[in-house]
Amino acid sequence: MKLLFVQIARNRRNTWIALAVYICILIAVTLVIGMSSPQLGKWIAIGSIIYFVWGFIRMGWLSYRGLAGYELTTENAPEIIELVEGLCLAAGIPQPKVLFDPDPLPNAYALGWDPKHASITLTKGLLEIMDKRELEGVIAHELAHIRNYDTRLTITTNLILNLIVGISLGGLLIGAGMVVNKSRGLIALVFRVLGLGLVILFGLITLVAIPLGKIFYFMISRQREYLADAGSAELTRNPDGLISALSKLKDPALAMPPSHNMVLNAAYINGPKMNSLLELFSDHPTLDKRILKLQEAFGVNNGKQ
Numbered sequence: 013m014k015l016l017f018v019q020i021a022r023n024r025r026n027t028w029i030a031l032a033v034y035i036c037i038l039i040a041v042t043l044v045i046g047m048s049s050p051q052l053g054k055w056i057a058i059g060s061i062i063y064f065v066w067g068f069i070r071m072g073w074l075s076y077r078g079l080a081g082y083e084l085t086t087e088n089a090p091e092i093i094e095l096v097e098g099l100c101l102a103a104g105i106p107q108p109k110v111l112f113d114p115d116p117l118p119n120a121y122a123l124g125w126d127p128k129h130a131s132i133t134l135t136k137g138l139l140e141i142m143d144k145r146e147l148e149g150v151i152a153h154e155l156a157h158i159r160n161y162d163t164r165l166t167i168t169t170n171l172i173l174n175l176i177v178g179i180s181l182g183g184l185l186i187g188a189g190m191v192v193n194k195s196r197g198l199i200a201l202v203f204r205v206l207g208l209g210l211v212i213l214f215g216l217i218t219l220v221a222i223p224l225g226k227i228f229y230f231m232i233s234r235q236r237e238y239l240a241d242a243g244s245a246e247l248t249r250n251p252d253g254l255i256s257a258l259s260k261l262k263d264p265a266l267a268m269p270p271s272h273n274m275v276l277n278a279a280y281i282n283g284p285k286m287n288s289l290l291e292l293f294s295d296h297p298t299l300d301k302r303i304l305k306l307q308e309a310f311g312v313n314n315g316k317q
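The sequence shown runs 13 to 317 under my numbering.
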C-alpha cells in the first residue's frame, strides 16, 4: 500500500510539472506575438478569453449531460447503482449520474466539471464482458477521475493546445496574405516585409510550440490514467479487479476507434490502440504498462497476490 501512495504522489507531481511547462509555452507564444505586434496581441488576447469562456461552458454542459444512451437507476440497474454508491462513499464524493451507452465495444468514461456535476458512462460491451469484481474496478477508476477533477484539467489543456494551433495558423495566413499582396510602392514593400516576418514567426511556433504542446498534453493525460488506476485500487482496496478488467481489454478487437474529440479520447478507460513507437503522442499508457504499475505497487502477479 505504501508503494501505491508513492506512485500517486509521483503521478501528481509529474502532472503539475507538465502543466507548468504547457502554460509557459502559451505565455511565451503570447509574449512573442505581443512584442512583434501589440495590436495583434491585443486582439489575440480578447479572442482567447472569448474562446476559453465558450469552451468551458460547452464542455461543462457536455460533461454533465453525457454523450449517449440513458440513465441507469435503482429501478433498471440496482447492482450497478449499489456499486457506485459504495465507491462514492469511499471516495467522499457525491454520486454522479450513471449512463448507459449502447456501444458494443467495451469502454467507460467519466465527464464532469466537478464532483457535483459529473457523470460516468458504461457501454453495453463493457457490461457484457466484465464480472462484478472487474466492473467495480472500472467504476472506481472513473470515480477517481471525477475526484481528481481530470475532465476540468483535460478541457483546460485541450483549450490551450487548440489556442496555440489557432493562433499559429491564423498568423501564418495573415502573414502569407501580406507577402502575396500585389500592391506597389513603399507601403506595400513594408507590408511584405512585415508579412514575411509573421510567416517566419508563426512558422517557428508551428514547428516548435505545437509539437511540444501536444507532447505535454499527452503526457498529462497519461499521468492522469496512472493516477486513476492507483485511485481505483485505493477505493476498492484490491487491484485485482482492475488488473483483470484491463487484461480483458488488451484484445485488439475490443479497442475503441480514435475520436476526433481529444477530450473524449482522453476520457476513455480503453483508449485507441497505438504503435509503441508513437506512444509519446498517445493519451493513454499501454494496458501492459498500466497493469505492471498496479502489480508493482501491490506486489501482485497476474492479478494474484
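Yeah, the Cβ is synthetic: ideal placement off N, Cα and C, and Gly gets one too.
Per-residue DSSP class, three states only, for residue i
i, result
"L258", "helix"
"E237", "helix"
"Y229", "helix"
"K316", "Annotation note: pLDDT 47 at K316 (below 50); position unreliable, no value reported."
"G311", "coil"
"P298", "The residue asked about is misnamed: residue 298 is Thr in this sequence, not Pro. DSSP places T298 in coil when its eight states are reduced to three."
"R249", "coil"
"G207", "helix"
"G215", "helix"
"G104", "coil"
"P116", "coil"
"A267", "coil"
"D221", "The identity of residue 221 in the sequence shown is Ala, whereas the question assumes Asp. A221 falls in the helix class under three-state DSSP."
"A89", "coil"
Per DSSP, cross-strand counterpart(s) of residue i
i, result
"V110", "I132"
"G124", "A130"
"E83", "L111"
"Y280", "Y121"
Close beta carbons around residue i, own chain, < 8 Å, minus the five adjacent residues each side
i, result
"K136", "F112, D113, P114, D115, P116"
"A89", "V110, F112"
"L184", "L210, V211, F214, G215, T218"
"C100", "P106, Q107, P108, L155"
"V331", "Outside the displayed range of the chain (13 to 317) lies residue 331, so it cannot be described from this structure."
"A40", "A221"
"Q51", "none"
"R204", "M190, V191, N193"
"W28", "none"
"E83", "K109, V110, L111, F112"
"G81", "L111, F112, D113, P114, T133"
Contacts around residue i, its chain only, beta-carbon distance under 6 Å, and the 5 residues preceding and following it disregarded
i, result
"R234", "P297"
"F310", "P251"
"V33", "F228"
Spatial neighbours of residue i in its chain, beta-carbon cut-off 7 Å, leaving aside the 5 residues before and after
i, result
"K316", "Caution is warranted here: a pLDDT of 47 is assigned to K316, below 50, making its placement in the model unreliable, and the coordinate value is therefore given only provisionally. For K316, where only same-chain residues beyond five positions count, there are no Cβ hits under 7 Å."
"L306", "D241, A245, P251, L254, I255, V312"
"T248", "E148, G149, A152"
"A102", "L247"
"K301", "none"
"T86", "I93"
"A200", "N193"
"A257", "M142, E146, G149, V150"
Item to check | contact_flag[the segment 252-269, the segment 141-151] where n(CB pairs < 8 Å) is 3 or more | outcome: yes
Next on the checklist: Measuring CB atoms only, is the segment 185-205 touching the segment 222-229, in the sense that at least three cross pairs come out at less than 8 Å?
Outcome noted: Segments in contact, no.
Checklist entry - Does the segment 155-165 come within contact of the segment 256-266, defined as at least 3 CB pairs closer than 8 Å? => result no
Checklist entry - Quick check: the segment 167-183 against the segment 213-223, are there 3 or more CB pairs under 8 Å? => result yes
Checklist entry - Does the segment 146-159 touch the segment 201-215, meaning 3 or more C-beta pairs lie closer than 8 Å? => result no
Checklist entry - Which ranges does the beta strand (DSSP E) cover as unbroken runs of at least 3 residues, wholly within the segment 130-205, from first to last along the chain? => result None, since the segment 130-205 contains no complete beta strand (DSSP E) of that length.
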